[in-house]
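Have a look at the structure below before the remarks.
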Amino acid sequence: MLGASFVYYPLAPGKGEAPELSKRYGIQVLPTFLFADAAGAELDRQAGAADPFSFLALATDVAAGNHLAALREKAAGEPGNAVLQARLGIRLDAARDPEGRTHLDRAVALDPEDRLPTTVDARWRIALADSGLEGPAPSPKKVVAALAAFAARYPDSPGAVLAHRHLMALSQRLKDEKQEEASLEFLVRRDPDAEVRNNLSWFLSTRGRDLERALQFADMALKDEPDNWAYLDTRAECLSRLGMHDEAVAVQERALKLVNADTRADLMSRYELGQRLDGFRKKRDAAGESGGESGK
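Last residue of the sequence shown: 1072 in the numbering used here, with the numbers rising by one and none dropped.
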């Protein structure tokens, strides 16, 4: 068990040795999990909260000697090793350490033809930094241009999936329908989940396009999350557009019942779903499918 590999030494902020050790190790984020050897030399750290699986993976690596300190030592000993430079650069860049860019640039210079997967990973971190997405005041158009360029150049890379997830959200804000559709179609092929399938279903159905396919994606999203009111709302939109008005009304009524009214955003969601429900009912009644409204 990992417990035998570590001595756990918790410190409360501002108490005991915490101020001195925080200054010594440059602790700026709480919580910070710092791994040190018996002499107190830092081996690795996790700044901020982490999910149990990520933290366990880090602790396992540290226990096995695969920590940041060891990676630094190896990279320093082999400055011409593109893989080591990329791995170190990625680790440091993810921790917002400015030194990371030096190693990322070195990895790219050592492998200009991108023969190594780690070089493409390094290029992704460089593209992300250059886009300004993680900066204090990112320009959405600049971010979209930079990430779209990376995804087009390296469509088979893990970074392309991450790029398109950012692009999916940014293109919605910018009302860039061409980019939004391209990113949704990419993700539904490469990295589909309930959210992606629902978003593509909503995109298609609200534009009256490919409605049968849109309904299939809505059903797939609901298979994963059957009580998600937003996904039910999407399914109701598909059904209504397909002329299945009675079913659309029933699905939308169920969606409305699942929305909590605890926050202002929830109240707005209830209002918007209610407005669409009224629209579905009017379409149903106009089509003569039912003599009156269904009870809520």
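We put the beta carbon where it would ideally sit given N, CA and C, even for glycine.
Query, Result
"Let's see if you can read the secondary structure: which residues bound the alpha helix (DSSP H) around Glu953?", "Glu953 to Arg966"
"Let's test the definition: count the other Cβ atoms within 10 Å of the Cβ of Met1044 and tell me whether it reaches 16, buried, or not, exposed.", "exposed"
"With a Cβ-Cβ cutoff of 9 angstroms, do Arg941 and Leu976 count as a contact?", "no"
"Assign Ala1037 to one of three DSSP states: helix, strand, or coil.", "coil"
"By the DSSP assignment, the alpha helix (DSSP H) with Arg989 in it spans what residues?", "Leu987 to Asp1000"
"Tell me, to the nearest whole angstrom, how far the beta carbon of Leu864 is from that of Ala851; I am working on the premise that it is less than 8 angstroms.", "4 angstroms"
"Would you check if the segment 887-896 and the segment 904-915 touch, i.e. whether three or more CB-CB distances between them fall below 8 angstroms?", "no"
"Return the residue from the list Ser1016, Ala823, Ala1041 and Arg1046 that minimises the CA-CA distance to Arg1057.", "Ser1016"
"Assuming His879 and Leu886 form a contact by the criterion Cβ under 8 angstroms, report the distance between their Cβ atoms to the nearest whole angstrom.", "Not a contact, Cβ separation roughly 10 angstroms."
"Can the beta-carbon of Arg966 be found less than 9 angstroms from the beta-carbon of Val937?", "yes"
"Since I believe Tyr1007 is in contact with Asn974 (beta carbons under 8 angstroms), could you give me their beta-carbon distance rounded to a whole number of angstroms?", "5 angstroms"
"Taking the CB atoms as reference points, tell me whether Phe993 and Glu953 lie closer together than 9 angstroms.", "no"
"Do Leu1049 and Ala1063 have their C-beta atoms within less than 9 angstroms of each other?", "no"
"When the Cα atoms are used, what is the spatial distance from Glu957 to Asn842?", "41 angstroms"
"By Cβ distance, which residues of its chain are closer than 7 angstroms to Asp986, with the 5 residues on each side in sequence left out?", "Leu980"
"Compute the beta-carbon to beta-carbon distance between Arg821 and Thr808, rounded to the nearest angstrom, for a pair I have assumed lies under 8 angstroms.", "6 angstroms"
"On a CA-only basis, which of Ala1041, Val1025, Tyr1047 and Thr1039 is nearest Lys1059? Give me that one, please.", "Val1025"
"Leaving aside the five residues before and after Val859 along the sequence, list all residues of the same chain whose C-beta is less than 7 angstroms from its C-beta, in chain order.", "Leu892 and Thr894"
"Let me know the secondary structure DSSP gives Arg810 once reduced to three states.", "According to the sequence shown, residue 810 is Leu rather than Arg. Strand, per DSSP."
"Between the beta-carbon of Ala921 and the beta-carbon of Ala939, is there less than 9 angstroms?", "no"
"I'd like the span of the alpha helix (DSSP H) that includes Leu819, first residue to last.", "Unbroken run through Leu819 is the beta strand (DSSP E), Glu818 to Ala823; no alpha helix (DSSP H)."
"Would you call Phe926 buried or exposed, if buried means 16 or more other Cβ atoms sit within 10 Å of its Cβ?", "buried"
"Nearest to Val783 by CA position, among Glu1013, Asp1009, Leu904 and Gly816, is which residue?", "Gly816"
"Beta-carbon separation of Ile866 and Val884 under 9 angstroms?", "no"
"Please report the distance separating the alpha-carbon of Gly876 from that of Gly790.", "30 angstroms"
"Please return the same chain residues whose Cβ sits closer than 7 angstroms to the Cβ of Cys1014, not counting the five positions on each side in sequence.", "Ser977, Ser981, Leu987, Ala990, Leu991 and Ala994"
"Cβ atoms of Leu797 and Leu806: under 9 angstroms apart, would you say?", "no"
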